[in-house]
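In the working numbering, the protein residues as written are 22 to 476.
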């Protein structure tokens, strides 16, 4: 086991645990974090806005038997921590008893390198603004039909986390992430179309502004002259951005909280065939390239790689400590927090859709005649969380004779999640990290049949 990095938040977390026990709690946990982020927006070759912010705080969970209380604040002084500890202990004493409320058990945490990039700190505001401007310039120069850029944005963040508990958990880490994106505008055939380009990395030195700008321009121009496709049931190829949105939806439905509440189409289906063997899904909280990777989750349980759907079968759900206690099983290291203010709750980390053997061109050729979907709108609101039935707006390209043809938009694709997974007949060989639906790595997917409603 490598040495975990030490951050200055660790002593505050340890003091918080001691103070909470001193205030009468039977067990305690402290989660301290510092988040530093900045964002630059550019338009028309000029910087529109540049913002930067840092927030530091600590959240304390206190247990009084099977009663739990929570308090958080930003004062990490001895007095501030003591006051929070007393409040958490007081809230635990007044809470209703819950037989499944218990602190996580300690386990060995293996260090995870490569989570941060020095370039986040090394690049000054002028340099990151120039990166965003380069994204915009590239899109505008890519094609004369690109009439403008709706928005171009660069953003980065650095997170430091330390956790301590009375059960023996004591660990910390630091991670950084950044991204850039733009919406390009293309004009032609009496209409205006938009196209998204984006890139993700640990630090700005690993972003390619020219590729991001070119992607946005290419997507916008490709949609010029779009009409509605004919209504029919046909093969559909989901590009990685769309496949990622569906993967994120499925990952959420595999969270034990949704399953235990009966709000998931996968409830009661462990071991069942829920997909074709061409579709495999893992949750991997330790993938070095994943934006959600960390050595441990939001309550100090080691992150790991978990097979969710493999060999066509549903292998497991995602658990935090509470939902695992309800089920009589163990946490999968799937507790997430949105900062020191929030309690941990079940969530996917990095969702990985397994790659196949076919290039995108080969997927299209296998589809024959159908639709290549490059964008969906309102996916989460268009899905029934209990049955998995969905109907969502989409846009993309017609597939004719195995190749891309005219652009299409203002149509819907409809189906049911499990039936769709069973109809995945091939996955592409080229994967991409996509921030839609969480942190998702996925290839394009060929679905043998979906209902397309257009003209």
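Ideal Cβ positions, reconstructed from N, Cα and C, are used throughout, including at glycine.
Since we're looking at a predicted model, the values are computed, not measured.
C-beta atoms of residue i and residue j nearer than 8 Å
i	j	result
residue 4	residue 461	For the chain, the structure presents residues 22 to 476; residue 4 sits outside this window and is missing.
residue 353	residue 325	yes
residue 254	residue 446	no
residue 221	residue 150	no
residue 444	residue 469	yes
residue 295	residue 439	yes
residue 327	residue 337	yes
residue 301	residue 375	yes
residue 197	residue 141	yes
residue 242	residue 203	no
residue 46	residue 163	no
residue 430	residue 247	yes
residue 90	residue 79	no
residue 31	residue 360	no
residue 48	residue 84	yes
residue 105	residue 116	no
residue 153	residue 205	no
residue 218	residue 245	no
residue 137	residue 223	yes
residue 467	residue 387	yes
Buried versus exposed, by CB contacts within 10 Å (16 or more), residue i
i	result
residue 139	exposed
residue 211	exposed
residue 22	Here residue 22 scores only 34 on pLDDT, less than 50, and its place in the model should not be relied on; the value that follows carries that caveat. Exposed, because fewer than 16 other Cβ atoms sit within 10 Å of the Cβ of residue 22.
residue 258	buried
residue 82	buried
residue 234	buried
residue 358	buried
residue 240	buried
residue 250	buried
residue 182	buried
residue 69	exposed
residue 165	exposed
residue 378	exposed
residue 108	buried
residue 179	buried
residue 422	exposed
residue 277	buried
residue 24	Only weak support is given to the placement of residue 24: the predicted model assigns it a pLDDT of 42, under 50, and the value that follows is read from those uncertain coordinates. Answer is exposed; the Cβ neighbour count stays below 16.
residue 448	buried
residue 145	exposed
Residue i - containing alpha helix (DSSP H), residue span
i	result
residue 342	342-348
residue 443	438-443
residue 279	277-281
residue 232	230-243
residue 92	Segment 88-94 is the beta strand (DSSP E) holding residue 92; no alpha helix (DSSP H) there.
residue 102	99-115
residue 35	30-43
residue 383	381-388
Span of the beta strand (DSSP E) around residue i
i	result
residue 62	48-64
residue 256	253-259
residue 70	67-85
residue 17	Here the chain covers residues 22 to 476 and nothing more, so residue 17 does not appear.
residue 419	410-421
residue 169	167-186
residue 391	391-398
residue 197	191-209
residue 453	453-455
In DSSP terms, what residue i is bridged to
i	result
residue 328	303
residue 144	Partner(s): none; residue 144 has no beta bridge.
residue 373	303, 462
residue 433	414, 474
residue 467	258, 447
residue 297	Bridge partners of residue 297: none, in fact.
residue 356	367
residue 339	276
residue 317	323
residue 122	Its beta-bridge partners do not exist; DSSP assigns none.
residue 248	429
residue 424	421
residue 334	294, 331
C-beta neighbour in chain B for residue i, strict 8 Å
i	result
residue 259	The chain inventory of the structure shown lacks chain B, comprising one protein chain alone.
Closer than 8 Å is the cut-off here; do at least three beta carbon pairs connect the stretch 386-396 with the stretch 406-423?
yes
message = Whether or not the stretch 262-276 and the stretch 222-235 are in contact is what I'm after, with contact meaning three or more pairs of Cβ atoms, one per stretch, closer than 8 Å; do they touch?
response = no
- [ ] Evaluate contact between the stretch 200-214 and the stretch 179-190, counting only Cβ atoms and requiring at least three cross-stretch pairs below 8 Å.
- [x] no
- Item | Inter-stretch contact at 8 Å, needing at least 3 Cβ pairs: the stretch 116-124 / the stretch 33-42 | no
- Query: Contact between the stretch 314-322 and the stretch 280-287: three or more CB pairs below 8 Å?
  - Reply: no
Stretch-stretch touch, CB-based, cutoff 8 Å, three pairs: the stretch 333-351 with the stretch 53-70: no
| said: Three or more C-beta pairs under 8 Å: does that hold for the stretch 51-63 against the stretch 163-181? | reply: yes
State whether the stretch 421-436 contacts the stretch 451-467, with contact taken as three or more CB pairs (one from each stretch) at a distance under 8 Å.
no
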